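**Student:** A single structure is presented below for examination.
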Amino acid sequence: MNELIELGLWQLLAAYIFVLVLFVILKIKGIDREKELLISTIRMTLQLTLVGYILIYLFENNHIVWTLLIIIIMQFFAFQNIIKRAKYPLNKRIKQVIIISMSIGTLVSIFYFIIVVVQVSPWYDARYFIPIAGMMIGNAMTGISLGIYRLVEAMNTQKQEIEAALMLGATPKMAAENIIKQAFDAAILPTINSMVGMGIVFLPGMMTGQILAGLSPITAVQYQIAIMLGIVGSVSLTVILFVQLGYKTYFTDRAQLYDSEKL
Amino acid sequence: MVFTLKEVQYKDIINIEKLHIPGRKITCIVGQSGSGKSTLLRLLNHLISYDHGTIIYKNVSLQQIDPIQLRREVIMASQVPTIFAGTVKDNLLIGLKFSEKPFVDDPKLKAVLELVCLNKSLTDNAEQLSGGEKQRLALARVLLLNPEVYLLDEPTSALDSETETKVMGNFIREVQNKQKTLIIVTHSNKLAETCADTIIELKNGRIIDVKEF
Chain A
180 MNELIELGLW
190 QLLAAYIFVL
200 VLFVILKIKG
210 IDREKELLIS
220 TIRMTLQLTL
230 VGYILIYLFE
240 NNHIVWTLLI
250 IIIMQFFAFQ
260 NIIKRAKYPL
270 NKRIKQVIII
280 SMSIGTLVSI
290 FYFIIVVVQV
300 SPWYDARYFI
310 PIAGMMIGNA
320 MTGISLGIYR
330 LVEAMNTQKQ
340 EIEAALMLGA
350 TPKMAAENII
360 KQAFDAAILP
370 TINSMVGMGI
380 VFLPGMMTGQ
390 ILAGLSPITA
400 VQYQIAIMLG
410 IVGSVSLTVI
420 LFVQLGYKTY
430 FTDRAQLYDS
440 EKL
Chain B
3 MVFTLKEVQY
13 KDIINIEKLH
23 IPGRKITCIV
33 GQSGSGKSTL
43 LRLLNHLISY
53 DHGTIIYKNV
63 SLQQIDPIQL
73 RREVIMASQV
83 PTIFAGTVKD
93 NLLIGLKFSE
103 KPFVDDPKLK
113 AVLELVCLNK
123 SLTDNAEQLS
133 GGEKQRLALA
143 RVLLLNPEVY
153 LLDEPTSALD
163 SETETKVMGN
173 FIREVQNKQK
183 TLIIVTHSNK
193 LAETCADTII
203 ELKNGRIIDV
213 KEF
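Okay, here's the thing in structure tokens:
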């Protein structure tokens, strides 16, 4: 295998020049996005540089407290992101459901993956724990955001159908059955689609990174398969928990729909 | 009495001091738009809970009855008929599915369509029916459920007078034969006067008149 090419300062600068050219093109063409491009490039650079130094510190100072702290921070930012992305206002009860389903869904998947699949020892080894937790929480966050959109939208627009079903003796679960299925599909489909296209349409980011970093493609593929299965499991578990608990927040304990103004 | 209401208040929409609704009879609730007729039916079906007072169904307070079991005995059809995606047959069977009753065969489904004068095939797309046809399909759906109490909210508002007479005539005969209770909210004085055993008139959420025949 060829020796690993390390990127020096000049090579990185060349990558920035590439974006700079794009910046000039946007300016000439009058496409009003140069500001966003500039801000996001600077933000990405600062964030990744900071993360790089933090990771070096964490890898050298492996400690259970650091690992747990990192996972709490990740969960917190994922939750904030989900709330920010939601197009409809979310009530307090559904926010609690998001926290519960995100925490249980991702933690079960992360620990299963760390302890049973990769068999990391000690389990809190930051080199493994942080990237794996990041991928699982990130994907679960995207899945749950899509699920929320579909669930909240349908529960608001299909009130008449839900009430009609209740009038005929349906349980809340029966009345919301189609909405639950649609929300689950909306949340899980992007993950399924990305699995289908993997290796043919594109090479997944993690695998590409590992190959570029000098790892054997076979090892990279093995990791990619395992992490992809972990992601599917984590997204599915999180979304199942979310939709199964989420629809209940729209019903009272007397199997009535909550008034919209009370939500 | 199938329902007894005592000092029932719901927001500023319903304010009923006392009301008895007899069992195995036909009761029509009349009144102008906004008088609280539909809200009263929704209270009886327990789709909403009253703020004050008591509603008693067969000697038990509504709050002490399992709401799902209550709605399977006291079925309601709303003013705007809800049609679910699928065929006429799907829409008939969905009621049985919701109330966890065994499905019935096609001849029985066709017979119930005849009762409501709906000359449609079981395989027709229900979403393409006209407003009046949808109303009759919704009526057929509740008939199939054979509940103790039928709560119908303006069940014939989209039907012409002749069809209304035929459909409601058949419906009422069926209810009377099975000795069930029927409570209808209606704008149609003709319907109320020809079929009701009791007419309750509401105004601003209060009962202003009760006529018994």
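For the record, the sequence lines run as chains A and B.
If you use our numbering, the first sequence corresponds to residues 180 to 442, in order.
If you use our numbering, the second sequence corresponds to residues 3 to 215, in order.
Beta carbons are placed, not taken as given, at the ideal position from N, Cα and C, and that holds for glycine.
Bear in mind that the values here come from a model prediction, so they are computed numbers and not experimental data.
1. Using only the alpha-carbon positions, how far apart do residue 440/A and residue 216/A sit?
2. Could you list the residues in the stretch 333-345 of chain A with a C-beta less than 7 Å from some C-beta on chain B, going in chain order?
3. Less than 7 Å between C-beta atoms, sequence neighbours within five positions excluded: which residues of the same chain meet that for residue 258/A?
4. Using a Cβ-Cβ cut-off of 6 Å (strictly less than) and excluding sequence neighbours within five positions of residue 324/A, which residues of its own chain qualify?
5. On the three-state DSSP scale, how would you describe residue 119/B?
6. With a cut-off of 8 Å, do at least 3 Cβ pairs link the stretch 295-304 of chain A to the stretch 324-334 of chain A?
7. Please confirm if the stretch 160-180 of chain B is in contact with the stretch 86-102 of chain B, defined as three or more CB-CB distances below 8 Å between the two stretches.
8. Flag residue 38/B as yes if its beta-carbon sits less than 9 Å from any beta-carbon of chain A, otherwise no.
9. Taking the beta carbon of residue 77/B as the centre, do at least 16 other beta carbons fall within 10 Å, making it buried, or is it exposed?
10. In chain A, which residues lie less than 8 Å from residue 82/B when you measure between Cβ atoms?
11. What three-state label does DSSP hand residue 156/B in the structure shown?
12. Would you list, in chain order, the members of the stretch 37-64 of chain B that have their beta-carbon closer than 8 Å to a beta-carbon of chain A?
13. Consider the Cβ of residue 435/A: report whether some Cβ of chain B lies at a distance smaller than 9 Å.
14. I'd like the ranges of any beta strand (DSSP E) spanning at least 3 consecutive residues and lying wholly in the stretch 65-133 of chain B.
15. Which whole-angstrom value describes the C-beta separation of residue 188/B and residue 156/B, a residue pair presumed to lie in contact below a C-beta threshold of 8 Å?
16. If residue 182/B and residue 26/B are in contact, beta carbons under 8 Å, what's the gap, nearest whole angstrom?
17. Determine, using beta carbons only, whether residue 118/B and residue 138/B come nearer to each other than 9 Å.
18. Less than 9 Å between CB atoms is the rule here; does residue 7/B satisfy it with respect to chain A?
19. By the three-class DSSP mapping on this structure, what secondary structure does residue 198/A have?
20. Can a CB atom of chain B be found closer than 9 Å to the CB of residue 194/A?
21. Reducing DSSP to helix, strand and coil, say where residue 347/A ends up.
22. Assign residue 211/B to one of three DSSP states: helix, strand, or coil.
23. Using a C-beta to C-beta distance shorter than 7 Å, which residues of chain B count as neighbours of residue 350/A?
24. Whole angstroms is fine: what's the gap from residue 198/B's alpha carbon to residue 6/B's?
25. In the DSSP assignment, what are the bridge partners of residue 8/B?
26. Within the 9 Å Cβ cut-off, does residue 133/B reach chain A?
27. Tell me whether the stretch 411-429 of chain A and the stretch 325-341 of chain A touch, counting them as touching only if at least three CB pairs, one residue from each stretch, are closer than 8 Å.
28. Applying a beta-carbon distance threshold of less than 7 Å, which residues of chain A neighbour residue 97/B?
**Tutor:** Working from what's here:
1. With a pLDDT of 41 at residue 440/A, under the threshold of 50, the modelled position of this residue cannot be trusted; read the value that follows with caution. Residue 440/A and residue 216/A have their C-alpha atoms some 40 Å from each other.
2. 339, 340, 342, 343, 344, 345
3. 277, 278, 281
4. 261, 264
5. coil
6. no
7. no
8. Using beta-carbon distances, residue 38/B does not count as an interface residue toward chain A, since no partner is under 9 Å.
9. Burial state of residue 77/B is buried, judged by a 10 Å Cβ sphere holding 16 or more other Cβ atoms.
10. Within 8 Å Cβ-Cβ: 339.
11. Residue 156/B falls in the coil class under three-state DSSP.
12. Legend: CB atoms of the stretch 37-64 of chain B lying less than 8 Å from CB atoms of chain A belong to residues 47, 48, 49, 50, 51.
13. yes
14. 76-79
15. 6 Å
16. Taking the Cβ atoms as the reference, residue 182/B lies roughly 7 Å from residue 26/B, within the contact range of under 8 Å.
17. yes
18. no
19. helix
20. no
21. coil
22. strand
23. 70
24. Roughly 18 Å between the two C-alpha positions.
25. According to DSSP, residue 8/B bridges with 20/B, 56/B.
26. no
27. yes
28. 347
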